[in-house]
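Chemist: Dropping the structure in here first, questions after.
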Amino acid sequence: MALEAKVKVRGMTCASCVARVERALQRAPGVEEARVNLATEEAFLRLQEGVDLKEVLKQVEEAGYEPVVARAEIPIRGMTCAACAARVERALKGLPGVLAAHVNLATEKASLEYLPDTVTLPRLHQAIREAGYEPLEVAQEERKAPAYPLDLLIALPFAFLTLLLAMGPMLLPLPHVPPLLQVLTALPVLYAGRRFFRQALAEIRHRSLGMSTLVALGAGSAYLYSFLVLLFPPLFPEEARHLYLEAGAVILALILLGKHLEEKAKGKASEAIRKLLSLRPKTARVVQEGEEREIPAEALIPGDLVRVLPGERIPADGVVVEGFSHVDEAMLTGEPLPKAKGPGDEVVGGTVNGEGPLLIRVSRVGEATVLAQMARLVEEAQAYKPRVQEVADRIAGIFVPIVLLIGLFTFGLWLLLGPGLSYAFVALLSVLLIACPCAMGLATPAAIAVATGRAAQMGLLFRKGQALESLARADTVVLDKTGTLTQGKPTLTETLGFALDPKEALRLAAALERESEHPLAKAVLEAAQHLPLPEAEGVRALPGEGLEGVVEGRRLYLGGPALMERLGVPLPREAQALSQKGYTPLYLADGERLLAAFGVFDPPKPEAGEVVAALKRLGLKPVLLTGDHPIPARRVAEALGIGEVLAGVRPEGKVEAIRRLQAEGRKVIFVGDGLNDAAALAQADAGVAVGTGTDIAIEAGDVILLSPNLFGLVNAILLSRRALRTIYLNFFWAFFYNVLLIPVAAGALYPFTGLLLNPMLAAGAMSLSSLFVLTNSLRLRGFRPYPGLTALF
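full-length UniProt numbering numbers the first residue of the sequence shown as 1 and each following residue consecutively.
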């Protein structure tokens, strides 16, 4: 069985870094799949069972990057012998993401090394409790990366001083400054930018050049050239004896500033996940033996009873045992109206209790909670790479060597044909600095991170990142009827008795339907709720037809027209007329004659008509696909404005229907309830499962609407289209920006203006490119949910 792990990787700065880390991970034994996200600085791994994670991380380190590993010491109470220690150790080592675990009986502590992005401290606590012991307060340590702000505090003031000393006498009446003073102010900036030189050495050692190589070559060359001019002036012609210390210092300072702003913007891109997880309360009020006590929420285990007072957040997923209230689930479904909750109703951790106290029995904790699943699905979707990003990664892999060749060619050409060595050197620095492929590496992950996070805030979960692309490119929406377009709560509105009294017929039909979960069965049972029901024996489902069973000694059949046709039971005109009226007909027969007929109606959802109209305005063709009778299906379709209807389709036939549409060249979205529509959801280019707020574990859907409100479908399509446009704009900027400005840096405008691009401006432009991509992606945070037809278009 494949295992999944997530590793935070520090030191990645551009698309070349991403490609290098992915190659390193894919070389590691036992790694089936590796996807690296520059925006979140995370690697998502699919591993074979039993793989040594330390060996996998070693590959990352050898590639020149730092996998984030946390260490913790957990005091444990209750161990009495070596067997106890061994049991706890086995429990901890069995968790995905635990690199090493050692339990010391003498000190009663567990020492751990683990991946904090794969396994959390609460999950480690839970494993210890499940083993039968009690974890106490934890001492945790995590290796920290050098912070950009600290280096910036050094780089910015000293770079400004160096620039003032170098350029000041040209602009202001200042005295001549000895070159040694420039050296003293420029050296601290060189120290502040040391990370780029360390990373460049790693890139060169692994023959995979990237952003750090370009920065180190650009800034390092400026420093080296200046030092050589100072130490060995006779080596240089008179016109080439210029110092470029201010250029090297300002280049490093600008790029450090750009990377710092980039880090802050990337943090905002992933803010949605942190907001989701921050909704969990820190403490819970546990009821034990009639007494209440407050404990950390992470210490809850399934079965605990917790009391939640009005206005408090529910600490974990559970079921209401006592009390009645309204719970605000807006963070989960995007629905503004609170939902009524009473005994037997499910509640979700992080939602807000309304006016009444509730007693809740905990059912899910830790990584099993809906909130944790939401965060996990958002993170997994963010790791997706569309085709355009894969192409960009390949381009980035060869881009830097090409830039180096262009830089050397530019240097040689200027040296031969230009004014001299100094101009050739300036052109070389500018080419190296402006060509960094950072923006290409951020173009896709930044947009997807923001879009999927914004979707989660609106009650839309992208289980698969590629659904963003599939939804955006679709031209056909196939909609299931029952429970998707309709309310899914059909009501029995007409009963016709033929060989039985209508009330007696309803009593027998309800006896057959007693154990069924079908929506039509619920309509029959609700209509018969005040009648005494007899016992039914030998009830069995007839797939696609109905039910068969024995009630009060009589073998009865209950189903639709297909069942009556197979049994050879003739239908009177009044019974056939039910379908023509738009009802879903149910017929009760004894195998030879019709006993009664029932007319069931499932009204469309209030918003369904407006949603269908919106889909059409978006250029999508709606199709109604249902197993229901063609006549009521067409009535619903006509009421909603759907022109194409595929009715009377069995579950296995839905897959064939979608395949036929795809064979016509259509890109198909299928929208269903995620239960009997699983195969169709999987077959479609994008499957959208309509959930109920807690059905996050629906495996077939690519996208889950946590609210049954169909406006979520329109929001998902609109957001996907906007995200894809954002990605393309990011790539246009990132790629063409470099392509256009490299000739400028090389001196293409010199014949017309007599000027070369200053290396400091080139460094600033490079940082600006990445910041544009991130800022453009962050605009997706402002996406507004679909409020109504006129407001949208």
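Note that CB positions come from ideal geometry on N, CA and C, so glycine has one too.
None of the values given here were measured: they were computed from a predicted structure.
#1: A536 bridges to which residues according to DSSP?
#2: Give the range of the beta strand (DSSP E) segment to which P622 is assigned.
#3: Looking at the strands, I want to know which residues DSSP matches up with A192.
#4: So, is S278 buried or exposed, given that buried needs 16 or more other C-beta atoms within 10 angstroms?
#5: Can we say the segment 625 to 642 touches the segment 476 to 488, given the rule of at least three CB pairs closer than 8 Å?
#6: Name the one or two DSSP bridge partners that D677 has.
#7: Whether or not the segment 703 to 711 and the segment 734 to 751 are in contact is what I'm after, with contact meaning three or more pairs of Cβ atoms, one per stretch, closer than 8 Å; do they touch?
#8: Per the DSSP calculation, G643 is bridged to which residue(s)?
#9: Would you check if the segment 289 to 308 and the segment 353 to 362 touch, i.e. whether three or more CB-CB distances between them fall below 8 Å?
#10: Within 10 angstroms of its Cβ, does K264 collect 16 or more other Cβ (buried), or is it exposed?
#11: So, with DSSP's three-state summary, where would you put Q288?
#12: Check each candidate in P401, S16, K58 and L533 and name the one with the smallest Cα separation from V31.
#13: Threshold first: 4 residues or longer. Then list the alpha helix (DSSP H) segments lying entirely within the segment 714 to 761, N to C.
#14: What does the alpha-carbon distance come out to for the pair A424 and L413?
#15: So does the segment 252 to 260 actually touch the segment 767 to 774, counting three or more Cβ pairs closer than 8 Å?
#16: What does a CB cutoff of less than 6 Å around V177 pick up in its chain, not counting 5 residues either side in sequence?
#17: Taking DSSP as the reference, what is the three-state secondary structure of I398?
#18: Does the beta-carbon of L778 have 16 or more other beta-carbons within 10 angstroms, so that it is buried, or is it exposed?
#19: Return the Cβ separation of A219 and L252 in integer angstroms, given the expectation that the two are a contact with Cβ distance under 8 Å.
#20: Buried or exposed for L224, please, with buried defined as at least 16 other CB atoms from any protein chain shown within 10 angstroms of its CB.
#21: Check whether the segment 484 to 500 and the segment 593 to 610 are in contact - that is, three or more C-beta pairs closer than 8 Å.
#22: Is the CB-CB distance between R507 and P532 below 9 Å?
#23: For N709, name the three-state secondary structure that DSSP assigns.
#24: Pick helix, strand or coil for E656, following the three-state DSSP scheme.
#25: By Cβ distance, which residues of its chain are closer than 6 Å to A159, with the 5 residues on each side in sequence left out?
#26: In the DSSP assignment, what are the bridge partners of L136?
#27: Can you tell me the Cα-Cα spacing of L25 and A723, whole angstroms?
#28: Looking only at its own chain, which residues have a Cβ that is under 7 Å from the Cβ of A657, when we skip the five neighbours before and after it?
#29: DSSP three-state label for R10, please.
#30: Measure the C-alpha to C-alpha separation of L571 and L558 and round it to an integer number of angstroms.
#31: From Q199 to A340, what distance separates their C-alpha atoms?
#32: Look up E33 in the DSSP assignment and say whether it is helix, strand or coil.
#33: Compare the Cα-Cα distances from Y114 to each of Q373, E108 and G94 and report the closest residue.
#34: Can you list, in chain order, the residues of its chain with a C-beta nearer than 8 Å to that of A697? Leave out the 5 residues immediately preceding and following it.
#35: Is the beta carbon of E346 closer than 9 Å to that of P310?
#36: What's the gap between the Cα of A330 and the Cα of G653?
Modeler: Once the coordinates are examined:
#1: BP columns for A536 point to V551.
#2: In this chain, the beta strand (DSSP E) harbouring P622 covers K621 to L625.
#3: None, per the DSSP bridge assignment.
#4: So S278 counts as exposed.
#5: yes
#6: D677 is not bridged to any residue.
#7: no
#8: DSSP lists no partner for G643.
#9: yes
#10: With a 10 Å radius around the Cβ and a threshold of 16 neighbouring Cβ atoms, K264 comes out exposed.
#11: Of the three classes helix, strand and coil, the one that applies to Q288 here is strand, per DSSP.
#12: K58
#13: Whole alpha helix (DSSP H) segments, 4+ residues: 737 to 746 and 750 to 753.
#14: 8 Å
#15: yes
#16: L165
#17: In this structure, I398 counts as helix in the three-state DSSP scheme.
#18: buried
#19: 5 Å
#20: exposed
#21: yes
#22: Contact flag set, yes.
#23: coil
#24: helix
#25: V189, A249, V250 and A253
#26: Paired residue(s): none; L136 is not in a bridge.
#27: 29 Å
#28: Annotation for A657: L625, L646 and V649 place their beta carbon closer than 7 Å to its own, counting only its chain and skipping 5 residues before and after.
#29: strand
#30: Whole-angstrom Cα-Cα distance: 13 Å.
#31: 57 Å
#32: strand
#33: Closest option to Y114, Cα to Cα, is G94.
#34: For A697, the predicted model reports a pLDDT of 45, less than 50, meaning its position is unreliable and no value from the coordinates is stated.
#35: no
#36: 37 Å
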